[in-house]
Structures are given as C-alpha cells and as structure tokens.
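Some notes on the structure that comes next.
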Amino acid sequence: LRRNGWGNYSIFLRPDGLLFGYYEAAESSEASEAGMAKEAINLKWQEFMGPFFESISGRPDENMQKLEEVFHLD
1 LRRNGWGNYS IFLRPDGLLF GYYEAAESSE ASEAGMAKEA INLKWQEFMG PFFESISGRP
61 DENMQKLEEV FHLD
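Last residue of the sequence shown: 74 (our numbering), numbering continuous.
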C-alpha cells in the first residue's frame, strides 16, 4: 500500500455489514489503484476477500465508488 502511495488508510464496518474505506493518495487515486493492481499480494487479497463483498462484477477493488467531498475542515 505505501509503495503505491496509499496513506492515512482506514476501513470502517457498520453492524449492518456496510464496509467503508478511506485513504489519501500521494499522487492520485488512479495512480495508487493502478499500482496496487500490479501487486501480486493484492491479487491474492482480492481473490481471498472477494466472496465477502457484494459486487457488480470483477474484483472488489474494481468496484470502488468514489464519493464527492462536500465538506472539509483542517
């Protein structure tokens, strides 16, 4: 993750099963996600964790929904 620019990464889980993740990318989310897609360990993780995700098609990391930031406070 760090090698591909992921930082300040957290995953949250609600009791109803909703899983929500947040991370900050050093360069861009597209570059960070493209780098992770090439990592062998990420492919193993996707294969192992895939059954736990409700997905449209493909791997869980191919179905991330990006949210628009509507408020920010430093």
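Idealized CB from N, CA, C, for every residue including glycine.
Since this is a predicted model, take the numbers as computed values, not measurements.
* To do: Quick one: give me the first and last residue of the alpha helix (DSSP H) that A26 is part of.
  => First-last for A26: undefined, no H or E at that position.
* To do: Assign E52 to one of three DSSP states: helix, strand, or coil.
  => Before going further, note that residue 52 is Phe rather than Glu in the sequence given. Three-state DSSP puts F52 in a helix.
* Asked: Cα-Cα, which of I41, G35, F20 and R14 is closest to R3?
  -> When the alpha-carbon of R3 is set against those of I41, G35, F20 and R14, the nearest one is in G35.
* Going along the chain, which residues of its own chain have a beta-carbon closer than 6 Å to the beta-carbon of G7, five neighbours each way excluded? -> Once the five neighbours on either side are set aside, the close Cβ partners of G7 are E24.
* Excluding the 5 residues preceding and the 5 following M64 in the sequence, name in chain order all residues of the same chain whose CB lies nearer than 6 Å to its CB. => Its chain contains no residue whose beta carbon lies nearer than 6 Å to that of M64 once the 5 sequence neighbours on both sides are disregarded.
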